[in-house]
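Below you'll find the structure, written out as structure tokens, and then a few comments.
Protein chains: 2
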Amino acid sequence: MKKIRVCVVGFGNVGREAVECIRRAPGMKLAGVVRRAVGENHLDRPMVTRVEELGPVDVALLAVPSRLIPEVAPLYLQKGINTVDGYDLHGEPMLYLRDRLNRYAKKNERVAITGAGWDPGTDSVIRMLFEAVAPGGITYTDFGPGMSMGHSVAARSIPGVKDAVAMTLPLGYGRHRRDVYVELNKEADFAEIAEQIREDPYFDPDRTEVIQVDDLTPIKVTGHGVRIARAGSSGTAQNQLLELNMRITNPAATAQIMAAAARACMRLKPGCYVLGEVPPIDLLPVDREAAIQKLV
Amino acid sequence: MKKIRVCVVGFGNVGREAVECIRRAPGMKLAGVVRRAVGENHLDRPMVTRVEELGPVDVALLAVPSRLIPEVAPLYLQKGINTVDGYDLHGEPMLYLRDRLNRYAKKNERVAITGAGWDPGTDSVIRMLFEAVAPGGITYTDFGPGMSMGHSVAARSIPGVKDAVAMTLPLGYGRHRRDVYVELNKEADFAEIAEQIREDPYFDPDRTEVIQVDDLTPIKVTGHGVRIARAGSSGTAQNQLLELNMRITNPAATAQIMAAAARACMRLKPGCYVLGEVPPIDLLPVDREAAIQKLV
């Protein structure tokens, strides 16, 4: 069977793991890595600045910051390359992106899978399944404890902040506390910066604590977790309890789900999909009969 | 929007709950119930012996014993009615049934969704998702404590057994004990029957205990549960922990998932599908955009 040729775009935490995931994935071949600037290359595969240098590519895993996805994904779709991204905004921005990529994907007869991480991503699929089993009720998603990439970036962007780590701490039933650890530049005023962070719309002043440290290195851990719980009803039954717990290394889980979605790209009709629109069986490296034999 | 007209075939524990689920489901209308013999009808919808008496029907929920599904489902597909069943055998029998129904569904341009309960069913989908997140590792499924319908039926079929309740008790990591409570006919010999049950291929003699009781009524509870756990690897990460816990009223969960699958029937191309082949979003009562807005 012909192997799927996959390239990784970006070489941060997720991009590096994506390279490992593709290497280990049956039926996939790493075409290479695309970066804005090519540094030293310790891979045995090419690292380039233009995807054209990699030869034919079936799927691009876009391991770039979420805010870049709306611009980067169309570039690949226009080149006839399917895309997978781990876009991590929910609701309206996600719908907007899906609609935008859907147009590019259909026009170029390619597939884009967006939000193919764990939340949004597999967690979204779990929430859908929980609603299918118990349509009445409320689902609560509790994240952490773990480092929030988005909130860390937001804190880091404040002038005077050298580096920041925003921890997401679950208070239970959908509420969270943020502990933001900051390393400051010499001239920076801690009290002022702490206030700026708490006033940033990304943070909730009531639930954000800012803590100054000399060195963030020992705090930076990529472990993360989630608990999704639903106490719902099905038919006449009023006490249906469903719960998912995950403790994961965050970039590895994200990259792995993106790699699985790359497989599904080859099996779907042109268009843009969120993970819940993809038959779960198409995420697996084996054919449908083998998957049913093993997992159903 | 036109409502989906659904009939329920069979009126046991699952059939009765299916009626309730359809009543409460947005966009669905209960066409009626089909039974082998019509008893007293307390529903405000018809109860008939032939589906033709119900007028147009889009989907039949087959709430009949698993062993009847291979024969009953084709009868409905041939009448141009989509089918959903909660067939509960795994592996080869499931593959055989899917293949059989696939032929009937394609020939009649209809959709059959098979194994649309919770295990096989939503549990199978969870196992697929867990493998997609962490392809390395082993998944353990632990059932119970709860009454196994299949094992209870097997015990009940032994001559001399008036009624039986087989409890599934999780010993952890995929192993189970069966406690089989039996109510015997007057002339029956308990020791002999206990041996017959333990020797039945459906039961494991090392892990089956048979207990005689005078009255099974207080033991019959339809609560059940499952824990699915995977400690796996994604990319370089070797400690990815994923766990699902459910505690449910069993017939209500099964019926509810079947009702959700009825919805998906209207959105799929002709053929037979297991639940893992169905985009999870199509199980929900709202359109895709609304589901993404709420759940992704």
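So the protein lines, in turn, are chains A and B. Per my numbering, the very first residue in the first sequence carries number 665; after that it's consecutive. Per my numbering, the very first residue in the second sequence carries number 665; after that it's consecutive. Note that the Cβ used here is the ideal one computed from N, Cα and C, for glycine as well.
Practice task
Below 8 Å on the Cβ atoms is my guess for valine 728 of chain B versus valine 673 of chain B; work out the distance and round it to an integer in Å.
Solution key: Within the second sequence, residue 728 of chain B is the residue found at index 64, counting from 1. Within the second sequence, residue 673 of chain B is the residue found at index 9, counting from 1. Confirmed, Cβ separation roughly 6 Å.
Handout entry: Distance CB(glycine 750 of chain B)-CB(glycine 781 of chain B) smaller than 7 Å
Key = Position 86 of the second sequence, counted from the first residue, corresponds to residue 750 of chain B. Position 117 of the second sequence, counted from the first residue, corresponds to residue 781 of chain B. The Cβ atoms of glycine 750 of chain B and glycine 781 of chain B sit closer than 7 Å to each other.
Practice task
Report the three-state DSSP secondary structure of isoleucine 822 of chain A (helix, strand or coil).
Solution key: Mapped onto the first sequence, residue 822 of chain A falls at position 158. DSSP places isoleucine 822 of chain A in the coil class of the three-state scheme, outside both helix and strand.
Practice task
Could you say if the region 910 to 924 of chain A and the region 667 to 683 of chain A meet the contact criterion of at least three C-beta pairs nearer than 8 Å?
Solution key: By the C-beta criterion, the region 910 to 924 of chain A is judged to be in contact with the region 667 to 683 of chain A, since at least 3 inter-stretch pairs fall below 8 Å.
Practice task
For histidine 888 of chain B, write down the residues that DSSP places opposite it in a beta bridge.
Solution key: Taking the second sequence and counting its residues from 1, the one referred to as residue 888 of chain B is at position 224. B:Ile912.
Practice task
Give the range of the beta strand (DSSP E) segment to which isoleucine 777 of chain A is assigned.
Solution key: Here residue 777 of chain A refers to the residue found at position 113 when the first sequence is read from its first residue. In the DSSP assignment, isoleucine 777 of chain A falls within the beta strand (DSSP E) that extends over 775 to 778.
Handout entry: Beta-carbon proximity check, methionine 758 of chain B vs glycine 785 of chain B, cutoff 7 Å
Key = Taking the first residue of the second sequence as 1, we reach residue 758 of chain B at position 94. Taking the first residue of the second sequence as 1, we reach residue 785 of chain B at position 121. Contact flag unset, no.
Problem - Neighbour flag for leucine 725 of chain B against chain A, beta carbons, 7 Å - result: Within the second sequence, residue 725 of chain B is the residue found at index 61, counting from 1. Against chain A, the CB of leucine 725 of chain B has no partner CB under 7 Å away; the residue lies outside that interface.
Handout entry: CB contact below 7 Å: isoleucine 686 of chain A versus chain B
Key = Counting from one through the first sequence, the residue named residue 686 of chain A turns up at place 22. Under the Cβ distance rule, isoleucine 686 of chain A does not count among the residues neighbouring chain B, no pair being separated by less than 7 Å.
Practice task
To the nearest angstrom, report how far apart threonine 832 of chain A and glycine 887 of chain A are at their CA atoms.
Solution key: Taking the first residue of the first sequence as position 1, residue 832 of chain A is located at position 168. Taking the first residue of the first sequence as position 1, residue 887 of chain A is located at position 223. Rounded to the nearest angstrom, the two C-alpha atoms are 11 Å apart.
Problem - Exposure label - threonine 787 of chain A; buried when at least 16 CB within 10 Å - result: Position 123 of the first sequence holds residue 787 of chain A. In the sequence as displayed, the identity of residue 787 of chain A is aspartate instead of threonine. Buried is the call here.
Exercise for the section: Return the residue from the list B:Val712, B:Asp783 and B:Tyr760 that minimises the CA-CA distance to isoleucine 733 of chain B. Expected result: Walking along the second sequence from the start, residue 733 of chain B turns up at place 69. Closest in C-alpha terms to isoleucine 733 of chain B, from the list B:Val712, B:Asp783 and B:Tyr760, comes B:Tyr760.
Practice task
For chain B, find out if any of its Cβ atoms is closer than 7 Å to the Cβ of isoleucine 861 of chain A; answer yes or no.
Solution key: Here residue 861 of chain A refers to the residue found at position 197 when the first sequence is read from its first residue. Closer than 7 Å: no.
Exercise for the section: Have a look at proline 720 of chain A and isoleucine 668 of chain A and give me their C-alpha separation to the nearest angstrom. Expected result: In the first sequence, residue 720 of chain A corresponds to position 56, counting from 1. In the first sequence, residue 668 of chain A corresponds to position 4, counting from 1. Answer to the nearest angstrom: the Cα atoms are 10 Å apart.
Practice task
With phenylalanine 854 of chain B as the anchor, note down where its beta strand (DSSP E) starts and where it stops.
Solution key: Here residue 854 of chain B refers to the residue found at position 190 when the second sequence is read from its first residue. Here phenylalanine 854 of chain B belongs to no beta strand (DSSP E); instead the alpha helix (DSSP H) covers 854 to 863.
Practice task
State buried or exposed for arginine 791 of chain B, treating a residue as buried only when at least 16 other CB atoms are found within 10 Å of its CB.
Solution key: As a working note, residue 791 of chain B is residue 127 in the second sequence. Flag for arginine 791 of chain B reads buried.
Problem - Closest residue to glycine 899 of chain A among B:Phe794, B:Val885 and B:Ala924 (Cα-Cα distance) - result: Along the first sequence, one-based indexing puts residue 899 of chain A at 235. The alpha carbon of glycine 899 of chain A has as its nearest neighbour, out of B:Phe794, B:Val885 and B:Ala924, the alpha carbon of B:Ala924.
Exercise for the section: Report the option in A:Tyr804, A:Met930 and A:Ala819 whose CA atom is closest to the CA atom of glutamine 876 of chain A. Expected result: Mapped onto the first sequence, residue 876 of chain A falls at position 212. Per the C-alpha coordinates, the member of A:Tyr804, A:Met930 and A:Ala819 positioned closest to glutamine 876 of chain A is A:Ala819.
Exercise for the section: Consult DSSP for tyrosine 937 of chain B and reduce its assignment to one of helix, strand or coil. Expected result: What you label residue 937 of chain B is simply residue 273 of the second sequence in a count that begins at 1. In the structure shown, the three-state DSSP call for tyrosine 937 of chain B is strand.
Problem - Residues in the region 830 to 842 of chain B having any Cβ partner in chain A nearer than 7 Å - result: Going along the region 830 to 842 of chain B in chain order, one finds no residue with a Cβ nearer than 7 Å to chain A.
Exercise for the section: Could you pull the start and end residues of the beta strand (DSSP E) that threonine 900 of chain B belongs to? Expected result: Translated into positions along the second sequence, residue 900 of chain B becomes position 236. Segment: none, threonine 900 of chain B is in no beta strand (DSSP E) and carries neither H nor E.
Handout entry: 9 Å Cβ cut-off: residues of chain B touching glutamine 904 of chain A
Key = Sequence index remark: in the first sequence, residue 904 of chain A carries index 240 (1-based). Simply Met910, Arg911, Ile912, Thr913, Ala916, Ala917 and Gln920.
Practice task
Identify the contact partners of glutamine 957 of chain A in chain B, using a Cβ-Cβ distance below 8 Å as the criterion.
Solution key: Counting from 1 along the first sequence, the entry for residue 957 of chain A is found at position 293. Result: Gly755, Glu756 and Leu759.
Exercise for the section: Kindly list, in the order they appear in chain B, the residues whose Cβ is closer than 8 Å to that of methionine 792 of chain A. Expected result: Along the first sequence, one-based indexing puts residue 792 of chain A at 128. Here the neighbours are Pro944, Ile945, Leu947, Leu948, Ala955 and Leu959.
Practice task
Since I believe alanine 798 of chain A is in contact with glutamine 957 of chain A (beta carbons under 8 Å), could you give me their beta-carbon distance rounded to a whole number of angstroms?
Solution key: Locating residue 957 of chain A in the first sequence gives position 293, counting from the first residue. Locating residue 798 of chain A in the first sequence gives position 134, counting from the first residue. In fact, because the Cβ distance is near 29 Å, the residues do not count as touching under 8 Å.
Problem - Host beta strand (DSSP E) of glycine 801 of chain B (start-end) - result: Here residue 801 of chain B refers to the residue found at position 137 when the second sequence is read from its first residue. Secondary structure note for glycine 801 of chain B: its beta strand (DSSP E) is the uninterrupted segment 800 to 807.
Exercise for the section: Note down, in chain order, each residue of its chain lying with its Cβ closer than 7 Å to the Cβ of alanine 689 of chain B, except the 5 sequence neighbours on either side. Expected result: Reading the second sequence from its first residue, position 25 is the one you call residue 689 of chain B. Closer than 7 Å at Cβ, skipping near neighbours: Ala923 and Pro949.
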